[in-house]
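In the working numbering, the protein residues as written are 1 to 307.
Quick reminder that beta carbons are idealized off the backbone N, C-alpha and C, glycines included.
It should be emphasised that the depicted structure is a prediction, and the values quoted were computed from it without experimental measurement.
Since the structure comes first, as structure tokens, the remarks are kept for the end.
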């Protein structure tokens, strides 16, 4: 399906031989893949997955839409980390997360909720997608507070939502173009941003960017509002250096973190205090990030057939 889309650049795939050794590893691969999936999607992930793909009815997006290509690829792992880093630069967004989110005590729960929302809106039946949006909007409506200087924030503020959305769209697309199995051509990239705008509008965002050029313009328009706060610094340290993971998986995770940071605009990396090292990124970070992303892609179980 994806391989033949006119919005993707065809990529040759090496032939794989079935051997006894490969067959004997399939059990281990399955166990690792299931564990990885449950870590990302939560304990209810398998049931949610069956509902997302098995519920009959119309979808928001046709099977060949770019949003399905991007969100179904393992490149969402570095893309998601990059989005968290970029989003943290907005002090209102970061304060709302710090005050009302359990990302420190329950990071896996937050990740599961985010991945479930993306699954329903990207692949789920239209009614389920709308219910997922309605749940998020209800949560946003109740998240209010004040900055230390007294400035109010509200998670349902369309301007703040537009920043969070634009940072996600930029990072998901950047990760896919660098680490995805089927990078999009120029028309496909614009179509992906337009697909994301469909979800953004449902969330209450006014006039979300609908092309790559508009996406870049939107991100740049927020630059005067962005800054490195103590909460941002703590979040970056937590995401990149102190994730709640067992030691055996720390090395590949740290590679993903470096790959994620390299996806960010140079100006945002400087604000976050992250190095900008083009040669190191080209010759070390990018190949290592591609290898870890390919491993994740190999381990994850395929999606069940749609009803």
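Worksheet item: How many Å lie between residue 196 and residue 149 at the Cα?
Response: Your numbering for residue 196 matches position 196 in the chain shown. Your numbering for residue 149 matches position 149 in the chain shown. Between residue 196 and residue 149, the alpha-carbon positions lie close to 34 Å from each other.
Fill in: residue 269 - DSSP class collapsed to helix/strand/coil
Within the chain shown, the letter at position 269 stands for residue 269. Here DSSP, grouped into helix, strand and coil, assigns residue 269 to helix.
Item to complete: Could you tell me whether the segment 264-281 touches the segment 242-253, where touching means 3 or more Cβ pairs closer than 8 Å?
Response: Contact fails: fewer than three Cβ-Cβ distances are below 8 Å.
Discussion item. Taking the straight line between their C-alpha atoms, what separation do you get for residue 284 and residue 252?
Written reply: The residue labelled residue 284 in the question sits at position 284 within the chain shown. The residue labelled residue 252 in the question sits at position 252 within the chain shown. If you take the alpha carbons of residue 284 and residue 252, they lie about 13 Å apart.
Discussion item. On the CB-based measure, 16 or more other CB atoms within 10 Å of its CB, does residue 139 come out buried or exposed?
Written reply: As a working note, residue 139 is residue 139 in the chain shown. Looking at its Cβ environment, which holds fewer than 16 other Cβ atoms inside 10 Å, residue 139 is exposed.
Worksheet entry | residue 273 to residue 157 span [Cα, whole Å] | Within the chain shown, the letter at position 273 stands for residue 273. Within the chain shown, the letter at position 157 stands for residue 157. Residue 273 and residue 157: Cα-Cα distance of roughly 28 Å.
Worksheet item: Nearest to residue 134 by alpha carbon, out of 100, 117, 44?
Response: Here residue 134 refers to the residue found at position 134 of the chain shown. Out of 100, 117, 44, the CA that lies nearest to the CA of residue 134 is found in 117.
Discussion item. Given this structure, state the Cα-to-Cα distance separating residue 200 from residue 165, to the nearest angstrom.
Written reply: Position 200 of the chain shown, counting from 1, holds the residue named residue 200. Position 165 of the chain shown, counting from 1, holds the residue named residue 165. About 7 Å.
Discussion item. Can you give me the C-alpha to C-alpha distance between residue 40 and residue 76, rounded to a whole angstrom?
Written reply: Position 40 of the chain shown, counted from the first residue, corresponds to residue 40. Position 76 of the chain shown, counted from the first residue, corresponds to residue 76. For residue 40 and residue 76, the distance between alpha carbons rounds to 11 Å.
Worksheet item: Cβ atoms of residue 289 and residue 258: under 8 Å apart, would you say?
Response: One-based indexing of the chain shown puts residue 258 at position 258. One-based indexing of the chain shown puts residue 289 at position 289. Yes, they are a contact pair.
Item to complete: With DSSP as the reference, label residue 226 as helix, strand or coil.
Response: The residue labelled residue 226 in the question sits at position 226 within the chain shown. The answer is coil: DSSP assigns residue 226 none of H, G, I, E or B.
Item to complete: Tell whether a beta-carbon distance below 8 Å holds between residue 226 and residue 89.
Response: What you label residue 226 is simply residue 226 of the chain shown in a count that begins at 1. What you label residue 89 is simply residue 89 of the chain shown in a count that begins at 1. Between residue 226 and residue 89, the C-beta spacing is below 8 Å.
Worksheet item: Tell me which same chain residues have a C-beta within less than 8 Å of the C-beta of residue 144, skipping the five on either side of it?
Response: Within the chain shown, the letter at position 144 stands for residue 144. Contacts found: 152, 153, 154, 155.
Item to complete: Would you be able to state if there are at least three C-beta pairs under 8 Å between the segment 166-185 and the segment 60-75?
Response: They touch, by the three-pair rule.
Practice prompt. Rounded to whole angstroms, what's the CA-CA distance from residue 94 to residue 126? Just pull it up for me.
Written response: Within the chain shown, the letter at position 94 stands for residue 94. Within the chain shown, the letter at position 126 stands for residue 126. The straight-line gap from Cα to Cα measures roughly 31 Å.
Worksheet item: Where DSSP assigns a beta bridge to residue 145, which residues make up the other side?
Response: Within the chain shown, residue 145 is the residue found at index 145, counting from 1. Residue 145 pairs with 153.
Worksheet item: What is the rounded straight-line gap between the Cα of residue 146 and the Cα of residue 57?
Response: Along the chain shown, read from residue 1 onward, the residue named residue 146 stands at position 146. Along the chain shown, read from residue 1 onward, the residue named residue 57 stands at position 57. Approximately 43 Å between the Cα atoms of the pair.
Worksheet entry | Neighbourhood of residue 215 by C-beta distance below 7 Å, restricted to the same chain and skipping five residues each side | Sequence index remark: in the chain shown, residue 215 carries index 215 (1-based). 166, 169, 170, 193, 209.
Worksheet item: Do residue 160 and residue 92 come within 8 Å of each other at the CB atom, strictly closer than that value?
Response: Within the chain shown, numbered from 1, the residue matching residue 92 stands at position 92. Within the chain shown, numbered from 1, the residue matching residue 160 stands at position 160. With a cutoff of 8 Å on beta-carbon distance, residue 92 and residue 160 are scored as near each other.
Item to complete: Classify residue 280 as buried or exposed, calling it buried when 16 or more other Cβ atoms lie within 10 Å of its own Cβ.
Response: Position 280 of the chain shown, counting from 1, holds the residue named residue 280. By the neighbour-count criterion, in which 16 or more other beta carbons inside 10 Å mark a residue as buried, residue 280 falls on the exposed side.
Practice prompt. Tell me whether residue 184 sits in a helix, a strand or coil according to DSSP, three-state version.
Written response: As a position in the chain shown, residue 184 is number 184, starting the count at 1. If DSSP states are grouped into helix, strand and coil, residue 184 belongs with the strands.
Worksheet item: Where does residue 219 land, buried or exposed, given buried means 16+ other C-beta within 10 angstroms?
Response: Residue numbering aside, residue 219 sits at position 219 when the chain shown is read from its first letter. It is buried - the Cβ of residue 219 has at least 16 other Cβ atoms within 10 Å.
Discussion item. I need the boundaries of the alpha helix (DSSP H) containing residue 165, first residue and last residue.
Written reply: What you label residue 165 is simply residue 165 of the chain shown in a count that begins at 1. DSSP places residue 165 inside the alpha helix (DSSP H), whose first and last residues are 158-179.
Worksheet item: Terminal residues of the continuous alpha helix (DSSP H) containing residue 101?
Response: Position 101 of the chain shown, counted from the start, is the residue given in the question as residue 101. In the DSSP assignment, residue 101 falls outside any alpha helix (DSSP H), carrying neither H nor E.
Discussion item. For residue 243, which residues in the same chain have their Cβ closer than 7 Å to its Cβ, ignoring the five residues on either side in sequence?
Written reply: If you number the chain shown from 1, residue 243 lands on position 243. 253, listed in sequence order.
Worksheet entry | Spatial distance of residue 82 from residue 202 (CA atoms) | Here residue 82 is taken as the residue at index 82 of the chain shown, counted from 1. Here residue 202 is taken as the residue at index 202 of the chain shown, counted from 1. One C-alpha to the other measures close to 24 Å.
Worksheet item: My guess is that residue 69 and residue 120 are in contact by the Cβ rule of under 8 Å, so how many angstroms apart are they, rounded?
Response: As a working mapping, residue 69 is identified with position 69 in the chain shown. As a working mapping, residue 120 is identified with position 120 in the chain shown. Contact flag wrong, Cβ pair sits at about 17 Å.
Item to complete: Throw me the rounded Cβ distance for the residue 300 and residue 33 pair, which I believe falls under 8 Å.
Response: Stepping through the chain shown from its first residue, residue 300 is reached at position 300. Stepping through the chain shown from its first residue, residue 33 is reached at position 33. That belief holds up - the Cβ atoms of residue 300 and residue 33 are roughly 5 Å apart, short of 8 Å.
Practice prompt. Check the DSSP bridge columns for residue 233 and list the partner residues they point to.
Written response: Within the chain shown, residue 233 is the residue found at index 233, counting from 1. Residue 233 pairs with nothing; no bridge assigned.
Worksheet item: Do you know whose CA, among 84, 129, 107, 85, lies nearest residue 48's CA?
Response: Taking the chain shown and counting its residues from 1, one reaches residue 48 at position 48. For residue 48, the nearest C-alpha among the options comes from 129.
Worksheet item: Per DSSP, residue 59 forms a beta bridge with which residues?
Response: Locating residue 59 in the chain shown gives position 59, where the first residue counts as 1. BP columns for residue 59 point to 125.
Item to complete: Please work out which residues of its chain come closer than 8 Å, Cβ to Cβ, to residue 275, disregarding the five sequence neighbours upstream and downstream, and give them in chain order.
Response: Along the chain shown, read from residue 1 onward, the residue named residue 275 stands at position 275. Excluding residues within five positions, the ones whose Cβ falls inside 8 Å are 269.
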